[in-house]
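Numbering (our numbering), first residue to last: 38 to 261. Don't be surprised by glycine CBs; every beta carbon is placed ideally from N, CA and C. Being a predicted model, the structure only gives us computed values, none of them experimental.
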Amino acid sequence: MKKEKIGGMVDPNLEKIIALKADLIIGFRGNPLTTLERLRDLNLPVFVLDIGTTIESTLSIVKKIGTVTHTEKRAELLIQSLRERYEKILSALRDVKQEPKVFLSLHGTGLWTCGKESFLNDLVKKARGMNIAGNIPRKWLNYNREHLIHEDPEVIIILSKSEKDFLKTKKWIKSEAHLEGTKAVDADRIYFLDENLATRQGPRLIEALEELARLLHPQCFEKE
Numbered sequence: 038m039k040k041e042k043i044g045g046m047v048d049p050n051l052e053k054i055i056a057l058k059a060d061l062i063i064g065f066r067g068n069p070l071t072t073l074e075r076l077r078d079l080n081l082p083v084f085v086l087d088i089g090t091t092i093e094s095t096l097s098i099v100k101k102i103g104t105v106t107h108t109e110k111r112a113e114l115l116i117q118s119l120r121e122r123y124e125k126i127l128s129a130l131r132d133v134k135q136e137p138k139v140f141l142s143l144h145g146t147g148l149w150t151c152g153k154e155s156f157l158n159d160l161v162k163k164a165r166g167m168n169i170a171g172n173i174p175r176k177w178l179n180y181n182r183e184h185l186i187h188e189d190p191e192v193i194i195i196l197s198k199s200e201k202d203f204l205k206t207k208k209w210i211k212s213e214a215h216l217e218g219t220k221a222v223d224a225d226r227i228y229f230l231d232e233n234l235a236t237r238q239g240p241r242l243i244e245a246l247e248e249l250a251r252l253l254h255p256q257c258f259e260k261e
């Protein structure tokens, strides 16, 4: 079934949402507050979720959605499946001795990345990497180029919607961003991670974790 597009996280189309006459509207703290308040003023059924700061928060979100949609059993089965996959990934990484320094590049202009308060920071940590911006108490920030060169990441992960976008950003990082000489650029350890998997707190986040873990520690998955 074709799904109506109602805009993005920060620019939802209020008129289209109202026109769809939904039985339930699920929002996140991160959607424009004015939009959520307008929907509530119209007495529409709005349920707002917090975006957590860890991968485990995803399981809590699934449980809450199961509760408000009266699909608790389906939610529990999904949680069980996700937890099994999650623990399998962690188990595969249990013998990792060295965690590479990682710069996670968000698709767009500049050196946008995630700080300590973002669940993407936890994604890097659980994949046994060290986010070079992980001590900065913010969700998102435009990282200073001189600091990035000083931190000298061993791996650069680019979150992009497509391979085409990834290659464009990779080219920019290797040439126009003047990051030549960093370990990641010299070793060509610049990898693509699908932002459709990684940038939303939903079941696909576990898949993003596995992909990232394989990029950082391929030796842990060779025997599969």
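Spatial neighbours of residue i within its chain, please: CB distance less than 8 angstroms, with the 5 preceding and 5 following residues excluded, ordered by chain position.
| i | result |
| --- | --- |
| I195 | S142, H144, F203, T206, K207, I210, I227, Y228, F229 and L230 |
| S97 | G89 |
| W177 | L143, W149, T150, C151, G152 and S155 |
| D159 | T90, T91 and I92 |
| V222 | I193, I210, K211 and L216 |
| V47 | G67, N68 and P69 |
Does any heavy atom of the ligand FMN sit closer than 7 angstroms to the C-beta of residue i?
| i | result |
| --- | --- |
| K110 | Judged by which ligands are present, the structure shown has none, so any question about the ligand FMN falls away. |
Closest to residue i by C-alpha separation, out of the options, would be which residue?
| i | options | result |
| --- | --- | --- |
| P137 | I169, G44, A245 and P82 | I169 |
| T72 | N181, I186 and G45 | G45 |
| L157 | L51, I43, P82 and Q238 | Q238 |
| S197 | D159, H107 and T150 | T150 |
| P49 | K58, G64 and K39 | G64 |
| K101 | F84, T91 and Q117 | F84 |
| F140 | L216, R66 and I116 | L216 |
| E124 | K260, Q256 and E244 | E244 |
| K220 | I92, E191 and A59 | E191 |
| I54 | E232, L70 and L76 | L76 |
| E213 | K162, R182, P255 and E200 | R182 |
| S94 | D78, I116, P82 and H107 | I116 |
| K163 | P255, L130 and D60 | L130 |
| A56 | E41, P69 and P240 | E41 |
| L61 | L119, H107 and A235 | H107 |
| A59 | H187, P82 and V99 | P82 |
| C257 | I186, D189, H187 and K134 | K134 |
| S118 | S128, I43 and P240 | P240 |
If I measure Cβ to Cβ from residue i and keep anything under 6 angstroms in the same chain, skipping five residues before and after, which residues do I get?
| i | result |
| --- | --- |
| G103 | E109 and A112 |
| G166 | E136, P137, V139 and L253 |
| R122 | I243 |
| D189 | T219 and K220 |
Classify residue i as buried or exposed, calling it buried when 16 or more other Cβ atoms lie within 10 Å of its own Cβ.
| i | result |
| --- | --- |
| G147 | exposed |
| D132 | exposed |
| N172 | exposed |
| N80 | exposed |
| V105 | exposed |
| A224 | exposed |
| L249 | buried |
| L70 | exposed |
| N68 | buried |
| L114 | exposed |
| V161 | buried |
| V99 | buried |
For residue i, which residues from the same chain have a beta carbon less than 7 angstroms from its beta carbon, with the 5 sequence-adjacent residues on both sides left out?
| i | result |
| --- | --- |
| E200 | F229 |
| P15 | Past the edges of the chain, shown from 38 to 261, lies residue 15, and the structure says nothing about it. |
| I126 | L246, E247 and A250 |
| D87 | R66 |
| S120 | Looking at the sequence shown, residue 120 is not Ser but Arg. The answer, listed in chain order, is L96. |
Open item on the list: If we require 3 or more residues per run, which beta strand (DSSP E) segments fall completely within the stretch 80-164?
Closed with: 83-86, 138-143 and 149-151
TODO: Quick one: which unbroken alpha helix (DSSP H) runs of 4-plus residues sit fully inside the stretch 164-232? Chain order, please.
DONE: 182-188, 200-211 and 220-223
Task: Segments assigned beta strand (DSSP E), at least 3 residues, entirely inside the stretch 45-79 - done: 62-65
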